[in-house]
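Visitor:
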Amino acid sequence: MVDIILFQPKCGIWDIMGIRVPIGLLSIAADPVKKGYETALIDQRTSINWKEELKKQINSGAKLVCLTTMVGEQIKYMLEVSKFIKSINPRIITVLGGSWAQTEPEMCMQDKNLDIVCYGEGDYILSELMEYINKKRKIENILGIIYRDKEGNLRKNKERALIKDLDDLPKIPYNLIDLKDYTAVGFRAGKQSISLVLSRGCPYRCTFCSIVKFYNRSWRGYSLKRVMEDINELDIKYNIKDFYFNDDNIAGNPKRFSEFVKMLVDKNRDYNWGIAGIRADTILSLDEETLQNLVKSGCKNLDIGAESGSQRILDMVHKDESLEKIREANKRLSKYPLIVKYTFMGGFPTETEKEFLETLRFKRILEKENPHAIGLVFFYTPFPRTEMFSTAVGHGLNPPKNLIEWADFNYDTWTKKQASWLTKRKIKLIENSVFISYFANNNLSYKYPNPLMNFMFKTYYPLAKFRYDNNFYSLMIEKKAADVITKLNEKYDLFNRIKKKSKKFSEIKKIFHKIFWNIQNLLEILK
Ligand code: B12
Ligand code: SF4
């Protein structure tokens, strides 16, 4: 009989890229698992029979079901699941956490199927809730939660202080999931990979970023001893050698970062790894030895938030970086075989069309000055509790008002659904740049570990590159096709199913590759 069920709802369109381990839920499971509470994790993204599994576990007498959600589409899945849970057993306690619960905790309680919302770090919450259920603790004494009292009124307990030393946290209980179901990056085809976090938070103050408020501009890292133990466990016990570090700012302490890279070199294992968050100015502060060590230790890619090609915009969003420094860092990195993925945003309030075109120009400059550089473009998306949210509202954003509306607020489609400062022409321009940026650079294939997505990427790449090189954005019927595929995936879970049958699929893939290789050649000739 399990005491605690952890349930990871689908993320939506992001699941197509590859399904990453549910780090948030695994993190909060560590303490109760250590204390001996029986815990099970069900992942809607990997389990086709999730309903039966959930039913079985609930009926076996579980006390607590835990859900997590980010902003957007994932809220929709979370709402469906919380309803399903209560339809099985209306008395079971449901608790929600995650970045959207951290952002709008009171709003989350609009879902009547949720009993408790955790609005901060949740690492010790589940053990405390189990003590409450076992009548050993009062609910009033559990910090960082909102709940309904007996009369149905909302009660918000005081905030929970951030965990001082991350090393106090017990080890992540990977045994709750089958790590073979997950990927993070596709550095080596068919190789298992995993996403990890080695730190939490970031000391910077970008006005569009949710992290600033979540962690009050603090940065905390696990000790390197602990980090190396975790990596060792994943290597030896699970044979995982490809890692993607999902930290907001992995080099919040640059000295620690250099030491970490040196440790990986000394370890001398066949690792491939990448970084989701490092700043350009940090790259400039690292010594040459560290950059060489990155390559020696198997680092394959770095993601850097460049945000905009307009200095006015960079200053406005408090990026605290300059275009020159980003360019300088890029030139420095160009000497090394590291794929550098720069992320940009278009559509900030007050951004002119000329400024967005400067962004596209800057992206091309970076790609020209470093053959391993890629620029990805996204829509700026306004999230509550960020400093820029009120500016967005001041410039005409009509934000969603409730949980159901936020479930429909997605980073790729919000501009079409919500009134804002963006003109139709600008939306179209950004939209095309976003779509093409995802496919026009062959260096990006590591981002598509899912075999079907990887196949589609390689197939479409020649045309996308042709469009990008020639600024040819008319008749984008392939965007419509992508929408249809996304809808089909939502309905039939295509990408996940294909991943599970990937052997047969790779045969078909080979045939298609031949066809499209010829198309690519034809396009080259036409050019
Ligand atoms: C990895 C990641 C993803 C992965 C998720 C993979 C997965 N397995 O879940 C993918 C690529 C899918 C993704 C997609 C998106 N992401 Co994202 N993502 C992250 C990132 C970088 C790391 C998350 C993580 O692993 N954190 C480490 C763990 C330990 O922390 P945690 O998950 O927050 O969990 C803690 C607490 O939240 C809490 N908790 C979590 N769940 C639960 C459940 C219960 C019951 C309890 C009690 C507590 C609890 O306890 C945990 C431990 O303290 C965060 C940044 C960040 N630092 O959180 C952004 C972040 C969460 N993403 C964000 C955004 C905006 C997006 C996107 C919209 C894309 C975008 N960037 O524009 C999409 C949304 C997808 C969707 N709608 O479903 C924003 C969230 C904004 C918001 N207010 O919700 C963040 C905060 C980035 C940012 N800097 O603004 N993301
Ligand atoms: S540097 Fe990155 S993680 Fe830090 S506040 Fe800015 S956007 Fe957020």
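Here my numbering is used: the first residue of the sequence shown is 431, the next is one more, and so on. Don't be surprised by glycine CBs; every beta carbon is placed ideally from N, CA and C.
1) Let's see if you can read the secondary structure: which residues bound the alpha helix (DSSP H) around Cys639?
2) Would Phe808 and Val864 qualify as a contact pair, given that the criterion is a beta-carbon distance under 8 Å?
3) Less than 8 Å between the beta carbons of Gly805 and Ser867, yes or no?
4) Could you check if Met560 is buried or exposed, using at least 16 other CB atoms within 10 Å of its CB as the buried criterion?
5) If I measure Cβ to Cβ from Phe713 and keep anything under 7 Å in the same chain, skipping five residues before and after, which residues do I get?
6) Could you tell me the alpha carbon to alpha carbon distance between Tyr577 and Glu570, rounded to whole angstroms?
7) Could you check whether Ser738 and Gly682 sit closer than 8 Å to each other, using their CB atoms as the reference points?
8) Can you give me the C-alpha to C-alpha distance between Pro881 and Asn871, rounded to a whole angstrom?
9) Say the cut is 7 Å; is the CB of Asp711 nearer than that to a heavy atom of ligand 2?
10) Using 10 angstroms around the beta-carbon of Met431, count the other beta-carbons present and answer buried if the total reaches 16, otherwise exposed.
11) Run through DSSP, which three-state label would Tyr562 get?
12) Is Asn679 near ligand 2 - that is, is its Cβ less than 7 Å away from at least one heavy atom of it?
13) Would you tell me roughly how many angstroms separate the C-alpha atoms of Asp745 and Glu751, rounded to the nearest one?
14) Step through the CB atoms of chain D and report whether any lies within less than 8 Å of the CB of Phe638.
15) Inspect the beta-carbon positions of Leu609 and Ile670 and report whether they are closer than 8 Å.
16) Who pairs with Trp703 in a beta bridge, going by DSSP?
17) Would you call Ala822 buried or exposed, if buried means 16 or more other Cβ atoms sit within 10 Å of its Cβ?
18) For the candidate residues Lys655, Asp700 and Leu497, whose alpha-carbon lies nearest to that of Phe687?
19) I'd like the list of long-range same chain contacts for Asp677, defined as Cβ closer than 7 Å, with 5 residues on each side in sequence excluded.
20) Considering only C-alpha positions, which residue in the set Thr811, Phe869 and Arg521 is nearest to Trp844?
21) Work out the CA separation of Asp461 and Gly735 for me, nearest whole Å.
22) Buried or exposed: which applies to Glu452, given that a residue is buried once 16 or more other Cβ atoms fall within 10 Å of its Cβ?
23) Can you grab the Cα-Cα spacing for the pair Leu721 / Thr789, in whole Å?
24) Whole angstroms is fine: what's the gap from Trp444's alpha carbon to Lys568's?
25) Tell me whether Ala849 is buried or exposed, calling it buried when 16 or more other Cβ atoms sit within 10 Å of its Cβ.
26) Hey, would you say Lys483 sits closer than 8 Å to Ser477, going by beta carbons?
27) Are Ile769 and Asn731 touching if we call contact CB-CB under 8 Å?
28) List, from N- to C-terminal side, the alpha helix (DSSP H) runs of 4 residues or more that fit wholly inside the region 804 to 830.
29) Tell me which same chain residues have a C-beta within less than 6 Å of the C-beta of Ala614, skipping the five on either side of it?
30) If you draw a straight line from the alpha carbon of Lys910 to that of Asn919, how long is it in whole angstroms?
31) Let's see if you can read the secondary structure: which residues bound the beta strand (DSSP E) around Gly527?
32) Specify, as a first and last residue, the run of the alpha helix (DSSP H) that Ile866 falls within.
33) Would you call the region 650 to 666 and the region 693 to 700 touching, i.e. three or more CB-CB distances under 8 Å?
34) Scan the region 609 to 657 and note each continuous alpha helix (DSSP H) run of 4 residues or more that stays entirely inside, going in chain order.
35) Return helix, strand or coil for Tyr577, following the three-state DSSP convention.
Guide: Result, derived from the coordinates:
1) Segment: none, Cys639 is in no alpha helix (DSSP H) and carries neither H nor E.
2) yes
3) yes
4) buried
5) Per the sequence shown, the amino acid found at residue 713 is Ile instead of Phe. So the qualifying residues of the chain are Ala759, Arg762 and Leu763.
6) 9 Å
7) If you check the CB distance, Gly682 and Ser738 do not come in under 8 Å.
8) Taking the straight line from one Cα to the other gives about 18 Å.
9) no
10) exposed
11) helix
12) yes
13) 8 Å
14) Included in the structure is just one protein chain, with no chain D present.
15) yes
16) Phe673 and Cys729
17) Here Ala822 is buried. Its C-beta has 16 or more other C-beta atoms within 10 Å.
18) Of Lys655, Asp700 and Leu497, the residue nearest in Cα terms is Lys655.
19) Cβ contact annotation for Asp677 (same chain, cutoff 7 Å, sequence separation greater than five): Val627, Leu628, Ser629, Ala706 and Gly707, in chain order.
20) Thr811
21) Between Gly735 and Asp461, the C-alpha separation is close to 33 Å.
22) What sits at residue 452 in the sequence shown is Pro, not Glu. Buried: at least 16 other Cβ atoms inside 10 Å.
23) The alpha-carbon atoms of Leu721 and Thr789 are separated by roughly 27 Å.
24) About 39 Å.
25) exposed
26) The sequence shown places Glu at residue 483, rather than the Lys named in the question. Against a cut-off of 8 Å, the Cβ pair of Ser477 and Glu483 comes out as a contact.
27) Against a cut-off of 8 Å, the Cβ pair of Asn731 and Ile769 comes out as a contact.
28) 817 to 824
29) Arg450, Ser623, Ile624, Ser625 and Tyr674
30) Rounded to whole angstroms, the separation of the alpha carbons of Asn919 and Lys910 is 14 Å.
31) Ile523 to Gly527
32) Lys854 to Ser867
33) yes
34) 641 to 644
35) strand
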